[in-house]
Amino acid sequence: MDIVQTLAIYQYISRKYLSKDMDEVTNVHLDIMMNGWNDLLLLYYKHAFQDKTGLPEFLSISRKKHLTNLENLYIRYGKRFMVSDVPTIADAFAYSTVIDMERKCEDSLEGFPTLKKWRADFESLDEVKAYLAL
1 MDIVQTLAIY
11 QYISRKYLSK
21 DMDEVTNVHL
31 DIMMNGWNDL
41 LLLYYKHAFQ
51 DKTGLPEFLS
61 ISRKKHLTNL
71 ENLYIRYGKR
81 FMVSDVPTIA
91 DAFAYSTVID
101 MERKCEDSLE
111 GFPTLKKWRA
121 DFESLDEVKA
131 YLAL
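First residue of the sequence shown: 1, per the UniProt record's numbering; consecutive thereafter.
Below you can see the structure in the form of C-alpha cells.
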C-alpha cells in the first residue's frame, strides 16, 4: 500500500506544482505512464525480492511485454520525453524503474530503441548529470 500512496502523492505534487501548466489530456497521459511504469516496477520487486524463482521468467518474458507496451505508449503520447518536450515526474519515475531493474538485468532496455533514445535524452540533462555524479 505504501507504493500506491507514494504514487498518488507524486501525481498530486506533479499536477499541483510541476505540471500545472499542462492541459488535462497531457496530465492523463502522465498518469497513464506513471501507472504503467509502476506496474512494471511492482512486478520486478515481486520477483526480485519475494518470488525469486520467477525472476528469470520475468526478465525474459514479462519485462519485455511490459516494456513493449510502455514503448508503444511513449511513441503515442511522448515527444522528447514521456509526455512532453520537457521532463516530468513520469520521466523520473520511469528512469528510476529502469535503474532498479538493471541491478538484475544489465541492459534492461535492450531491444527497445525508442526507450533507449529517451534514456539518452534524459541522461543528457544537466540536472540528471549532476544527480548521477553524486
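Idealized CB from N, CA, C, for every residue including glycine.
Residue i - DSSP class collapsed to helix/strand/coil
{"i": "residue 103", "result": "coil"}
{"i": "residue 87", "result": "coil"}
{"i": "residue 58", "result": "helix"}
{"i": "residue 80", "result": "coil"}
{"i": "residue 23", "result": "coil"}
{"i": "residue 110", "result": "coil"}
{"i": "residue 121", "result": "helix"}
{"i": "residue 43", "result": "helix"}
Residue-level contact to chain C via CB, residue i, 8 Å cutoff
{"i": "residue 99", "result": "Although the question refers to chain C, the structure presented lacks it and comprises just one protein chain."}
Beta-carbon spacing of residue i, residue j below 8 Å
{"i": "residue 67", "j": "residue 33", "result": "no"}
{"i": "residue 81", "j": "residue 31", "result": "no"}
Presumed contact (8 Å Cβ cut-off) between residue i and residue j, rounded CB distance
{"i": "residue 63", "j": "residue 108", "result": "7 Å"}
{"i": "residue 132", "j": "residue 104", "result": "Not quite, the Cβ-Cβ distance comes to about 20 Å (not below 8 Å), so this is no contact."}
{"i": "residue 119", "j": "residue 98", "result": "7 Å"}
Rounded separation between residue i and residue j - CA only
{"i": "residue 21", "j": "residue 27", "result": "10 Å"}
{"i": "residue 134", "j": "residue 126", "result": "13 Å"}
{"i": "residue 50", "j": "residue 8", "result": "24 Å"}
{"i": "residue 89", "j": "residue 96", "result": "11 Å"}
{"i": "residue 55", "j": "residue 112", "result": "20 Å"}
{"i": "residue 84", "j": "residue 91", "result": "10 Å"}
{"i": "residue 94", "j": "residue 130", "result": "18 Å"}
{"i": "residue 65", "j": "residue 57", "result": "11 Å"}
{"i": "residue 1", "j": "residue 48", "result": "Any reading at residue 1 needs caution, since the residue's pLDDT is 48, under 50, leaving its predicted position unreliable; the model's value is listed next. Going by the C-alpha atoms only, they are around 18 Å apart."}
Proximal residues to residue i (C-beta, below 7 Å), its chain only, five neighbours per side dropped
{"i": "residue 100", "result": "41 and 44"}
{"i": "residue 25", "result": "none"}
Close beta carbons around residue i, own chain, < 6 Å, minus the five adjacent residues each side
{"i": "residue 70", "result": "36"}
Close Cβ partners of residue i (< 8 Å) along its chain, the five nearest in sequence each way excluded
{"i": "residue 117", "result": "none"}
Proximity test, residue i beta-carbon vs the ligand FMN heavy atom, cut-off 7 Å
{"i": "residue 8", "result": "What this structure holds is no ligand at all, so the ligand FMN is not there to describe."}
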